[in-house]
Structures are given as C-alpha cells and as structure tokens.
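Comments concern the structure below.
In the numbering used here, the protein residues as written are 386 to 630.
Given below as structure tokens:
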C-alpha cells in the first residue's frame, strides 16, 4: 500500500490513490453502514433546497460517486452542479450515475484544498469527506466556503462526527456497531469499514457549528444527528432563513 497521506499538504487528507482503492463497490454497503441513511441524506437535500425553486449553482466538495449530488439534482431540477473530487475512480462512477443530466454537471479532479472551479455558488454541499481533514484545515475550508457563497447561499455537510467526550464517542461507536450488525454487516465487512475509517479525523458537531459562525456564517446549526452521523448547515445571511420560512 502506498503512503496514505500526501505529507506536502497542510492538514492532508488521504491520497487520491487511497480513495480509489475503495471506489469499486463503495456504494454497495452504504445503506447498511449508515443506519440513518434516508434521514441523513434526506435532511441534507432538504436544507440545500430550502427556499430554492429556480436556477442555482451547486458545488459538491469531495463528491465521491455522486450519491448526494444526484439527490440534490432531483430536488433542484434547474441547478447546475459542480462535482469536485481528487479520486479519478470515484468521479468515473459519478459520471455514470449522473450521465442523464448532461451539461448540467461539471466534474473537477481536485482535492478540497486545491483551487476550486471559478465563480461563486448558491449551495455548497459535502458528505462524508471533510472529516478527512484536520481541525485547522476544516476551519480554513469553512472560511473558503463562506467566501464563495452568493448572497442567500447555504453550506450543508452530512458528516461522520466525533463525540464531545471520549465516553460519548465510545457510546456512539458502540451503538453504530450494534446497528450495522443488526443490518447484516459481517465481522469481515466491519473490519474493512474500520480500516477505511482508520485515517479519519472527525470532530464534534458542536465544534464544527461554532467554526462555521467563526468563519462568518450568519446562522449555523446541527439539523440532524444520530450517534456517529450528523448534518449541519451554515447560512451566509440571516435573512435567508426568514425567506425560506
């Protein structure tokens, strides 16, 4: 196995080659490994689409195989989507998944810490990607997202999180393990999942919501949580919430 980190990058995430190792079959067990799958992704899409009925430009950071982007595209049928990921194998699967969307979709082979495609965005989303960055890199990313959002824009992250204390974190992991075992995940599959998560750097959702506010978001909140999984959002402008309501 090649070195899992590009050590030249600040707060480096695992390399593109590491992600590509897991790209084949990446989605096969996702519903079992994410017990609140429907509510987890559904809440992220709901927040992304809230108050938006017309054209929108959407950036998906660490888009992977395009699962979240596909759901956002369904909810926002006039949206233009930009999928950014550093793993060629992941993006190839996304191209297949979103082939019917044609020129509504642009693909960018880059990491979250690389320059992003030019222009600003109405919506920035991410799912199960930002936890690969260390905390300083997360904060820097949140500042970049805030800078690139158009007025009225929103950032939504569906994420794997850490507990606020070691005891709570251990409980989260234990409950997740019990749920995935009940869903049919075998010990071997659990071991493979643990191997994939060995390099993760999750942070408590409370910290990440605070970092969004520190990055300049007018409003931020955790909008869904179940054990190891949470969805949180940052709204660029406070008035956006009143318009959505």
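Just so it is clear, CB atoms sit at the ideal spot from N, CA and C, and this is done for glycine as well.
Local conformation of residue i per DSSP, three classes
i           : result
residue 604 : strand
residue 503 : coil
residue 496 : coil
residue 459 : helix
residue 414 : coil
residue 612 : coil
residue 586 : coil
residue 623 : coil
residue 436 : coil
residue 566 : helix
Chain-order list of residues whose beta-carbon lies under 7 angstroms from that of residue i (same chain, five-residue window excluded)
i           : result
residue 549 : 589, 591
Alpha-carbon to alpha-carbon, residue j and residue i
i           : j           : result
residue 418 : residue 517 : 18 angstroms
residue 421 : residue 624 : 31 angstroms
residue 530 : residue 564 : 34 angstroms
residue 495 : residue 551 : 34 angstroms
residue 459 : residue 585 : 30 angstroms
residue 621 : residue 447 : 21 angstroms
residue 490 : residue 555 : 40 angstroms
residue 594 : residue 522 : 15 angstroms
residue 612 : residue 547 : 9 angstroms
residue 614 : residue 560 : 11 angstroms
residue 536 : residue 524 : 21 angstroms
Cut-off 8 angstroms between Cβ atoms - residues of its own chain near residue i, not counting five sequence neighbours on either side
i           : result
residue 428 : 543, 608, 609, 616
residue 439 : 463
residue 656 : The first residue shown for the chain is 386 and the last is 630, placing residue 656 beyond what the model contains.
Test: residue i CB closer than 7 angstroms to a CB of chain B
i           : result
residue 606 : Absence of chain B from the displayed structure is noted, only one protein chain being present.
7 angstroms Cβ cutoff met for residue i and residue j
i           : j           : result
residue 597 : residue 510 : no
residue 367 : residue 527 : One cannot answer for residue 367 here, as it falls past the ends of the chain, which runs 386 to 630.
residue 443 : residue 466 : yes
residue 445 : residue 468 : yes
residue 493 : residue 500 : no
residue 507 : residue 538 : yes
Residue i - partner residues in DSSP beta bridges
i           : result
residue 469 : 446, 493
residue 426 : According to DSSP, residue 426 bridges with nothing at all.
residue 542 : 511, 617
residue 534 : 506
residue 464 : 441
Chain-order list of residues whose beta-carbon lies under 6 angstroms from that of residue i (same chain, five-residue window excluded)
i           : result
residue 619 : 540, 597, 602, 605
residue 557 : 548, 612, 613
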